[in-house]
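> Below you'll find the structure I mean.
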Amino acid sequence: MNHVSRRKFLQNIGLGSSLLSVSGLTLPSNNFINSNNDQKLNVALCGLGRYANAVAYGLESSNYCRLSGLVSGTPTKAAEWAKNYRVPSQNVYNYQNFDKIISNKDIDLVYVLLPNAMHKEYVIRAAKAKKHVIVEKPMALNAKDCEEMIKVCEDEGVQLAVGYRLHYEPTHLEIKRLGQEKVFGQVRYIEASLGYKTDAPGDPNEWRMKKALSGGGPLMNLGVYCIQSARYVLGEEPISVTAQFGPNTNKAYFAEVEASISWQLYFPGGAVCSSVSSYNFAIDRFYAGADKGFFELSPALSYGPFKGRTSTGELNFPVINQQTQQMDEIARILLTNQPLPTHIAGQEGLKDMRIVDAIYKAAKTGKKILIR
Ligand code: NAD
Numbered sequence: 001m002n003h004v005s006r007r008k009f010l011q012n013i014g015l016g017s018s019l020l021s022v023s024g025l026t027l028p029s030n031n032f033i034n035s036n037n038d039q040k041l042n043v044a045l046c047g048l049g050r051y052a053n054a055v056a057y058g059l060e061s062s063n064y065c066r067l068s069g070l071v072s073g074t075p076t077k078a079a080e081w082a083k084n085y086r087v088p089s090q091n092v093y094n095y096q097n098f099d100k101i102i103s104n105k106d107i108d109l110v111y112v113l114l115p116n117a118m119h120k121e122y123v124i125r126a127a128k129a130k131k132h133v134i135v136e137k138p139m140a141l142n143a144k145d146c147e148e149m150i151k152v153c154e155d156e157g158v159q160l161a162v163g164y165r166l167h168y169e170p171t172h173l174e175i176k177r178l179g180q181e182k183v184f185g186q187v188r189y190i191e192a193s194l195g196y197k198t199d200a201p202g203d204p205n206e207w208r209m210k211k212a213l214s215g216g217g218p219l220m221n222l223g224v225y226c227i228q229s230a231r232y233v234l235g236e237e238p239i240s241v242t243a244q245f246g247p248n249t250n251k252a253y254f255a256e257v258e259a260s261i262s263w264q265l266y267f268p269g270g271a272v273c274s275s276v277s278s279y280n281f282a283i284d285r286f287y288a289g290a291d292k293g294f295f296e297l298s299p300a301l302s303y304g305p306f307k308g309r310t311s312t313g314e315l316n317f318p319v320i321n322q323q324t325q326q327m328d329e330i331a332r333i334l335l336t337n338q339p340l341p342t343h344i345a346g347q348e349g350l351k352d353m354r355i356v357d358a359i360y361k362a363a364k365t366g367k368k369i370l371i372r
């Protein structure tokens, strides 16, 4: 992007005046955005599974991103995707030659959509290839791995985001506002739960059921959304947790990961959040009880569309494509070489994983665990 077109672009996306007034065109020297005559962020998807399909679909209506690269271990699938999304063959990688992406000026960012245990390796390899990275939730298998991923990204001068698709979703922005601005007074109690039934018929060989690949069961997969919603509605970090594993109703299927898990997060302002995440039954709801009323959603944490109400009326917000919105908001920041806000950056994934680690410890020990 040349000087004039970048100026025009910054103005178009509403970041122009503040940046330009400070020092003309203020772009730090470690700007790794290579591309671009048309001001879009070039995104490579790493792992072409179910969620990659949702992201690819979202990218089709993105204003600030384009699907430019693919990383897959299955040549036939990669070829099919390349054809469908018109990705040139020189932008298609496998897990062996992935590191060569460092010399590809047509890729700005790698979006890691692999099984949880592979997130750390591919975030680190992408960062070392000088690409910005988005990693899916859960960010890694544990908080220690998250710390390592953040450090490598910092050392390499690239930015790391977590794919929290609800951070830019209008209904969730509203419940965050209702809670943090205390519209119904101090929130005292939250219930945030997400589950679905997977073991009928279910595939016990699916990576989610293998602890080495998933790191755990529904807490890793779904519980992160419950933790997130409580944290952003309260605007506080929990200080301690108690937790209980649910019954294992299908020992052959739930051989390695929990079937369900309940937990209670205790917040410094006195609020408690009670949650369950399960592969054993369907649940998808959020409730916040406050001093002067309540607000609630159901569906709440899935792909929606969300339905909600408060003690004074309905919550009606437009239904958006969550992936398009997430990608555009992240791209707007990266294209102007601004730091990502902390709520979407690697630090946010680390905070969640500290809580996840504490929940598992509480469930295993039966004790109340302090969260550092
Ligand atoms: P998936 O099983 O559909 O896809 C995983 C991909 O990884 C496949 O393309 C598979 O070929 C590839 N892969 C490479 N090595 C593998 C291995 N050893 N075992 C299994 N697969 C391997 O999974 P998914 O549902 O797309 O989930 C991928 C990631 O996205 C996970 O981290 C998951 O938590 C996350 N996710 C996020 C959301 C969300 O709403 N943000 C939704 C679904 C999944």
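Per the working numbering, the sequence shown starts with residue 1, numbered consecutively.
Cβ atoms here follow ideal geometry from the backbone N, Cα and C, with glycine treated the same way.
Here the structure is a predicted model, which means the values were calculated and not measured.
#1: Measuring CB to CB, does PHE281 end up less than 8 Å from TYR287?
#2: What is the C-beta distance between LEU334 and LEU41, in whole angstroms, given that I count them as a contact (C-beta under 8 Å)?
#3: Mapping the DSSP letters down to three states, classify ALA127 as helix, strand or coil.
#4: Using a Cβ-Cβ cutoff of less than 7 Å, which residues in the same chain neighbour HIS132 once the five nearest sequence positions on both sides are dropped?
#5: At a threshold of 7 Å, does LYS211 count as lining the ligand NAD (C-beta to nearest heavy atom)?
#6: Apply the 10 Å Cβ neighbour rule to VAL319 and answer buried if 16 or more other Cβ atoms are within range, or exposed otherwise.
#7: Tell me the rounded alpha-carbon separation between PRO201 and MET209.
#8: Any contact of the stretch 215–234 with the stretch 188–206, i.e. 3+ C-beta pairs under 8 Å?
#9: Measuring CB to CB, does ILE261 end up less than 8 Å from ALA243?
#10: Between which two residues does the beta strand (DSSP E) carrying GLU181 extend?
#11: Would you list the residues sitting across from ARG285 in a DSSP beta bridge?
#12: Between ASN221 and the ligand NAD, is there a pair consisting of the residue's CB and a ligand heavy atom that are separated by less than 7 Å?
#13: At the level of alpha carbons, what is the spacing between THR76 and ARG177?
#14: Please classify LEU213: does DSSP put it in a helix, a strand, or coil?
#15: In whole angstroms, what is the alpha-carbon distance linking THR74 and VAL257?
#16: Check for me: the beta strand (DSSP E) holding ILE134 runs from which residue to which?
#17: Quick check for students: name the residue ranges of the alpha helix (DSSP H) that lie wholly in the stretch 220–298, counting only runs of 4 or more.
#18: Would the C-beta of ARG125 count as close to the ligand NAD, meaning under 7 Å from any of its heavy atoms?
#19: For the candidate residues ILE344, ALA331, ARG354 and ALA363, whose alpha-carbon lies nearest to that of LEU59?
#20: Tell me, to the nearest whole angstrom, how far the beta carbon of ALA271 is from that of ARG285; I am working on the premise that it is less than 8 Å.
#21: Less than 8 Å between the beta carbons of VAL72 and VAL87, yes or no?
#22: Give the single residue among MET139, ALA126, GLY217 and SER62 whose Cα lies nearest to the Cα of GLN347.
#23: Just checking, does the stretch 119–130 make contact with the stretch 144–157 on the three C-beta pairs under 8 Å criterion?
#24: When you compare only the Cα positions, how much space is there between ASN53 and LYS120?
#25: How is the beta strand (DSSP E) around ARG407 delimited, first residue to last?
#26: Give the range of the beta strand (DSSP E) segment to which ALA161 is assigned.
#27: Whole alpha helix (DSSP H) runs in the stretch 339–372 with 4 or more residues, listed along the chain?
#28: Rounding to the nearest angstrom, what Cα-Cα distance links ASP169 and LYS361 in this structure?
#29: Does DSSP classify GLY202 as helix, strand or coil?
#30: Can you give me the Cβ contacts of GLN325 inside the same chain, cut-off strictly under 6 Å, excluding the 5 residues immediately before and after it?
#31: For MET239 and GLY216, I'd like the C-alpha separation in whole angstroms.
#32: Do ALA117 and LEU350 come within 8 Å of each other at the CB atom, strictly closer than that value?
#33: Can you tell which of VAL112, LYS130 and VAL183 has its C-alpha closest to the C-alpha of VAL162?
#34: Which residue from GLY235, LYS128, TYR303 and PHE245 puts its Cα closest to that of ILE102?
#35: Comparing C-alpha positions only, which one of TRP263, LYS307, THR342 and GLU314 sits nearest to ALA358?
On the basis of the data shown:
#1: no
#2: 6 Å
#3: Helix at ALA127.
#4: PHE32, ASP108, LEU109, VAL158, GLN159 and LEU334
#5: no
#6: exposed
#7: If you take the alpha carbons of PRO201 and MET209, they lie about 13 Å apart.
#8: The stretch 215–234 vs the stretch 188–206: in contact.
#9: yes
#10: From DSSP, GLU181 is part of no beta strand (DSSP E); its letter is neither H nor E.
#11: SER193
#12: yes
#13: 46 Å
#14: helix
#15: Distance between the alpha carbons of THR74 and VAL257 is about 27 Å.
#16: 132–135
#17: 224–234
#18: no
#19: ALA331
#20: Rounded, the Cβ-Cβ distance is 17 Å, inconsistent with contact.
#21: Contrary to the premise, residue 72 reads as Ser rather than Val in this sequence. It is not a contact, given that the beta carbons lie outside the stated cut-off.
#22: Proximity to GLN347 across MET139, ALA126, GLY217 and SER62 peaks at MET139, based on C-alpha coordinates.
#23: yes
#24: 21 Å
#25: Not covered by the structure: residue 407. The range shown for the chain is 1 to 372.
#26: Run containing ALA161: 160–162, per the beta strand (DSSP E) assignment.
#27: 346–365
#28: For the record, residue 169 in the displayed sequence is Glu; it is not Asp. If I take the Cα positions, the gap works out to 32 Å.
#29: Coil, per DSSP.
#30: TYR168
#31: Rather than Met, the amino acid found at residue 239 in this sequence is Ile. Taking the CA atoms as reference points, ILE239 sits about 22 Å from GLY216.
#32: No.
#33: Of the candidates VAL112, LYS130 and VAL183, the one whose C-alpha sits nearest the C-alpha of VAL162 is VAL112.
#34: LYS128
#35: TRP263
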